[in-house]
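Participant: Numbering (this note's numbering), first residue to last: 12 to 212.
Please find one structure pasted underneath; my questions will follow.
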Amino acid sequence: MGLFNKVSGAQESTPESYLDSGTTLIKRLTQSLPLPDWRNGPPGYTEGENEAIDFSLSQFQRIGDEVARERGGDKMAIHPNHVEDIRRMLAEQGLRRLADGAWRFGDKLPEDWKENLSTYLKAWLCGLNPMVLLDVADLLVHAGRNAEASEAIETVRLFPAYAHSRGSKGAFSAEIVEQVMVRAEELRKDIQLGGPSGWRG
Numbered sequence: 012m013g014l015f016n017k018v019s020g021a022q023e024s025t026p027e028s029y030l031d032s033g034t035t036l037i038k039r040l041t042q043s044l045p046l047p048d049w050r051n052g053p054p055g056y057t058e059g060e061n062e063a064i065d066f067s068l069s070q071f072q073r074i075g076d077e078v079a080r081e082r083g084g085d086k087m088a089i090h091p092n093h094v095e096d097i098r099r100m101l102a103e104q105g106l107r108r109l110a111d112g113a114w115r116f117g118d119k120l121p122e123d124w125k126e127n128l129s130t131y132l133k134a135w136l137c138g139l140n141p142m143v144l145l146d147v148a149d150l151l152v153h154a155g156r157n158a159e160a161s162e163a164i165e166t167v168r169l170f171p172a173y174a175h176s177r178g179s180k181g182a183f184s185a186e187i188v189e190q191v192m193v194r195a196e197e198l199r200k201d202i203q204l205g206g207p208s209g210w211r212g
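Pasting the structure below:
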């Protein structure tokens with residue numbers, strides 16, 4: 012989570028501004044809402060978050076081992092050069108799933124929705140996924156915090172330049188970037204209308 016302490020200094024026209032804007036957004040959210048546990052930077056994972064991460068990791072290993080056995084092997088092995096990236100990706104997935112499950116599929120926002128927000132912020136720090144920031148914006152819209160939601164969307168609007176600087180495959184493909192921007196525009200319209208257009212799964 013050292014990204015949180017990254018010194019912000021890039022100009023908005025540079026790809027790094029997505030990172031700078033994201034870290035600035037987190038600092039503003041944790042102060043304005045507030046999220047006291049974040050006073051000195053990202054807190055450690057809660058017990059529930061650790062369980063969600065462990066489940067994501069074990070599920071990935073289990074599926075990988077099944078594929079390995081189907082091909083005559085014993086278990087899946089990950090090249091050392093990719094272990095950390097995969098762990099961060101799986102941690103993000105586990106945290107995002109946890110944060111989603113506690114509010115997205117209910118009929119109203121829980122009173123402790125700031126805990127969901129905290130989990131989303133930790134998920135973003137794992138992988139810098141703009142869809143996680145859109146989850147943040149969506150949650151904030153439902154909580155009536157439209158100003159903060161707008162800030163999250165403005166950060167996402169910087170993602171295309173960042174994606175372009177990282178290549179055009181996988182998470183940074185033109186198709187993915189387009190999906191991100193379409194979703195950002197939907198949320199921006201929700202804010203203009205004064206609230207969410209409906210619960211989204």
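In this text, a Cβ means the ideal position worked out from N, Cα and C, and glycines have one as well.
Just so it is clear, the structure is predicted and the values come from calculations on it, not from any experiment.
Check each candidate in Asn51, Pro171 and Gly155 and name the one with the smallest Cα separation from Leu204.
Facilitator: Each of Asn51, Pro171 and Gly155 was checked against the Cα of Leu204, and the nearest Cα belongs to Gly155.
Participant: Following the continuous alpha helix (DSSP H) through Lys200, name the residue where it begins and the one where it ends.
Facilitator: Ala185 to Gln203
Participant: Apart from the five residues just before and just after Ala102, which ones in its own chain have a Cβ nearer than 6 Å to its Cβ?
Facilitator: Ile64 and Cys137
Participant: Can you tell me which of Asn51, Ala160 and Ala185 puts its alpha carbon nearest to the alpha carbon of Glu197?
Facilitator: Ala160
Participant: Please classify Ala185 as buried or exposed, where buried requires at least 16 other C-beta atoms within 10 Å of its C-beta.
Facilitator: exposed
Participant: Quick check: the Cα distance between Gln42 and Phe170, rounded to an integer number of angstroms?
Facilitator: Across the structure, Gln42 and Phe170 are spaced so that their CA atoms are roughly 24 Å apart.
Participant: Take Leu151 as the anchor and find which of Ile164, Pro141 and Glu62 has the nearest alpha-carbon.
Facilitator: Ile164
Participant: Note down, in chain order, each residue of its chain lying with its Cβ closer than 6 Å to the Cβ of Ser32, except the 5 sequence neighbours on either side.
Facilitator: Thr166 and Leu169
Participant: How would you write the range of the alpha helix (DSSP H) that Asp31 sits in, first residue to last?
Facilitator: Secondary structure note for Asp31: its alpha helix (DSSP H) is the uninterrupted segment Ser28 to Ser43.
Participant: Check whether the Cβ atoms of Ala110 and Ala134 sit closer than 8 Å, and answer yes or no.
Facilitator: yes
Participant: Around the Cβ of Glu95, are there at least 16 other Cβ atoms within 10 angstroms (buried) or fewer (exposed)?
Facilitator: exposed
Participant: Check whether the Cβ atoms of Leu44 and Lys125 lie closer than 8 Å to each other.
Facilitator: yes
Participant: So, helix, strand or coil for Ser19, using DSSP?
Facilitator: Unreliable placement is indicated for Ser19, whose pLDDT of 35 sits below 50; the coordinate value is still reported in the next sentence. Reduced to three states, the DSSP call for Ser19 is coil.
Participant: Start and end of the alpha helix (DSSP H) containing Trp124?
Facilitator: Trp124 to Gly138
Participant: Have a look at Ser67 and Leu40 and give me their C-alpha separation to the nearest angstrom.
Facilitator: 27 Å
Participant: Does the CB of Leu151 have a neighbour CB from chain B at under 8 Å?
Facilitator: Of the protein chains in this structure there is only one, and it is not chain B.
Participant: When you compare each of His153, Gly52, Ser179 and Glu162 to Asp123 by their alpha carbons, which one comes out closest?
Facilitator: Comparing Cα-Cα distances from Asp123 to each of His153, Gly52, Ser179 and Glu162, the minimum goes to His153.
Participant: How many Å lie between Leu120 and Trp114 at the Cα?
Facilitator: The straight-line gap from Cα to Cα measures roughly 6 Å.
Participant: So, is Val193 buried or exposed, given that buried needs 16 or more other C-beta atoms within 10 angstroms?
Facilitator: exposed
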